[in-house]
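98 is the number that UniProt numbering gives to position 98 of the sequence shown; each next residue is one higher, with no gaps.
Written below as structure tokens is the structure these notes are about.
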Amino acid sequence: MRKALFAVFSQFGEILDVVMRKRLKLRGQAFIAFRHQESATNSLRTMYGFPLFGMRMCIQYAKTDADAVTKMKGTFVPRPVTEKPRENPVPKKKVTATHKTPHLASAPGNPIASHVDASTSLMSSHHILFVTNLPDSSSSTMLSMLFSQFPGWREVRVVPGRPDIAFVEFDNDQHAAIAKNALDGFPVLPSHRMHVVFSSK
């Protein structure tokens, strides 16, 4: 997920950090800190509502500067530690991930805090594939021709301004895995072998 966000948003400017929320009630949120405010603004305007991992992103400015930004400004203050370790920790249980509405946000000043649904399955597979290392000449039509030959194919989604990456959706994890295994490393051009991974990673 972190790599996917970095790949999608780096087109708008230098990214200082991408922070994923791990707490259960904040699952589905991430913060993307840009070096420059205009980068955050452009990404918000361009990517708001863009479907990522099967959900449409909701983007807004964050309420505070990200740590990466305050460190750059020289105003960083360590956050107080409020949580104490439990004496008798509760045994961990398997949790079935649920998808919330993804959010993206941008902090005032320089960062965009990106809140995207980071809920992921405990399984490593996913019905959406993340495709990278595509040539500049690639298009949704070309990718559709490649992936539509596999069972369960639904659609190809390209990222505005980033012809080198795309998302390909199948109707289930198993069909996505078949396409992934067949096309990962496929030479789209002699100089470009595309990389295909499950989007949940």
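A virtual CB, placed ideally from N, CA and C, is assigned to each residue, including glycine.
Annotation for H175: the continuous alpha helix (DSSP H) segment containing it runs D173 to L183. Taking the Cα of F167 as reference, the smallest distance to any Cα among S43, T132, R2 and S125 is reached at T132. Per DSSP, the unbroken beta strand (DSSP E) holding R162 starts and ends at R162 to F170.
Collapsing the DSSP output to three states places F130 in a strand. Beta-bridge analysis with DSSP links P78 to no other residue. By alpha-carbon distance to S140, the top candidate from F12, V159 and H127 is V159.
Per DSSP, Q60 is one residue of the beta strand (DSSP E) stretching across C58 to Q60. Short of 6 Å from the beta carbon of Y48, and not among the five residues preceding or following it, lie these beta carbons of its own chain, in chain order: I59.
Looking only at S125, F50, G152 and H192, the smallest Cα-Cα distance to S137 is reached by H192. If you draw a straight line from the Cα of Q174 to the Cα of G161, it comes to about 30 Å.
In the structure shown, F50 adopts coil according to DSSP, grouped into three states.
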